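Enquirer: One structure is given below, represented as structure tokens, and several questions about it will come after.
Laid out in structure tokens, this is it:
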């Protein structure tokens, strides 16, 4: 990870946090779920066309566990879909949506009769959703591809899972806590029990948001 990679990452952060900002979801209109995967992590972007073209509603990325990083590319792409559909279930369940992927083999997942093991279990899990698979080549799937290769910690509003500690370029908990202490929005969460429908908690100097599944996500200040 050198200067060119850091510059590209900072550029991506500016694009994702600048205008157009995240759109408020309109449940009267269909959603689009864009997924991608790499050996490093999984990514998803939830978007919606509200009359001005596709706008982002939420982003998420997740660092792969060691066993998941050993998957073949087809299994990785399928794992990204399963994770993303579960993550955004409140938006997707009971509604038809588009599932955009850069891996054509996912169409095989939903049509093959010779599935075994975990892939078969994944196919069964997807049967409760109503969606259309749309193939988008990787060169056109730039946001999903970029986030799957550089997953970072959670941001409230744009969501990502924690990256593994110790990696080059990764911030320590103390560094994040120091930036949280300077951020008025993060400080306003201290002492509160809820952020929307999610629980707020503190461990040491860090402020966390707890998801419905019990997982905790550190709140990143605007400076990060």
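In UniProt numbering, the protein residues as written are 1 to 224. By construction, the Cβ of each residue, glycine as well, lies at the ideal position given by its N, Cα and C atoms. Bear in mind that the values here come from a model prediction, so they are computed numbers and not experimental data.
For residue 31, write down the residues that DSSP places opposite it in a beta bridge.
Expert: Residue 31 pairs with 48.
Enquirer: By how many angstroms is the C-alpha of residue 56 removed from the C-alpha of residue 12?
Expert: The alpha-carbon atoms of residue 12 and residue 56 are separated by roughly 14 Å.
Enquirer: At a cut of 8 Å, does the stretch 117-127 reach the stretch 72-90 through at least three beta carbon pairs?
Expert: Short answer: they touch.
Enquirer: Tell me which same chain residues have a C-beta within less than 8 Å of the C-beta of residue 107, skipping the five on either side of it?
Expert: Excluding positions up to five away in sequence, the list reads 133 and 135.
Enquirer: May I have the straight-line CA-CA distance separating residue 94 from residue 4, to the nearest angstrom?
Expert: When rounded, the distance between both Cα atoms is 43 Å.
Enquirer: To the nearest angstrom, how far is the alpha carbon of residue 65 from that of residue 208?
Expert: For residue 65 and residue 208, the distance between alpha carbons rounds to 21 Å.
Enquirer: What do you reckon, are the CB atoms on residue 52 and residue 26 nearer than 7 Å?
Expert: No, they are not a contact pair.
Enquirer: Could you give the DSSP three-state label for residue 61: helix, strand or coil?
Expert: Strand.
Enquirer: For residue 195, which residues does DSSP report across the bridge?
Expert: Looking at the DSSP assignment, residue 195 forms a beta bridge with 198.
Enquirer: How about residue 98 and residue 32: are their beta carbons less than 7 Å apart?
Expert: A contact, by the Cβ cut-off of 7 Å.
Enquirer: Please go through the same chain and pick out, in chain order, the residues whose beta-carbon is closer than 6 Å to the beta-carbon of residue 130, but skip the five residues on each side of it.
Expert: The answer, listed in chain order, is 96.
Enquirer: Within the continuous alpha helix (DSSP H) that includes residue 77, where are the two ends?
Expert: Its alpha helix (DSSP H) spans residues 73-87.
Enquirer: When the Cα atoms are used, what is the spatial distance from residue 61 to residue 28?
Expert: Using only the alpha carbons, I get a separation of about 26 Å.
Enquirer: In the DSSP assignment, find the unbroken alpha helix (DSSP H) run with residue 124 in it and report its ends.
Expert: 117-126 is the extent of the alpha helix (DSSP H) around residue 124.
Enquirer: Name the one or two DSSP bridge partners that residue 90 has.
Expert: DSSP, once it has assigned bridges, lists no residue as partnering residue 90.
Enquirer: So which of 119, 58 and 111 has the shortest CA-CA distance to residue 24?
Expert: The shortest Cα separation from residue 24 among 119, 58 and 111 belongs to 58.
Enquirer: What do you reckon, are the CB atoms on residue 34 and residue 100 nearer than 7 Å?
Expert: Yes. Within cutoff.
Enquirer: With H, G and I counted as helix, E and B as strand and the rest as coil, what does DSSP make of residue 157?
Expert: Reliability fails at residue 157, whose pLDDT of 42 lies under 50, so the model's placement of it is uncertain and the value that follows must be treated cautiously. The answer is coil: DSSP assigns residue 157 none of H, G, I, E or B.
Enquirer: Starting from residue 185, trace the alpha helix (DSSP H) in both directions and tell me its first and last residue.
Expert: Looking at the DSSP string, the run of the alpha helix (DSSP H) that includes residue 185 is 184-189.
Enquirer: Please report the distance separating the alpha-carbon of residue 111 from that of residue 54.
Expert: Roughly 28 Å between the two C-alpha positions.
Enquirer: Alpha carbons only, please: which of 7, 183 and 91 is nearest the one belonging to residue 47?
Expert: Comparing Cα-Cα distances from residue 47 to each of 7, 183 and 91, the minimum goes to 91.
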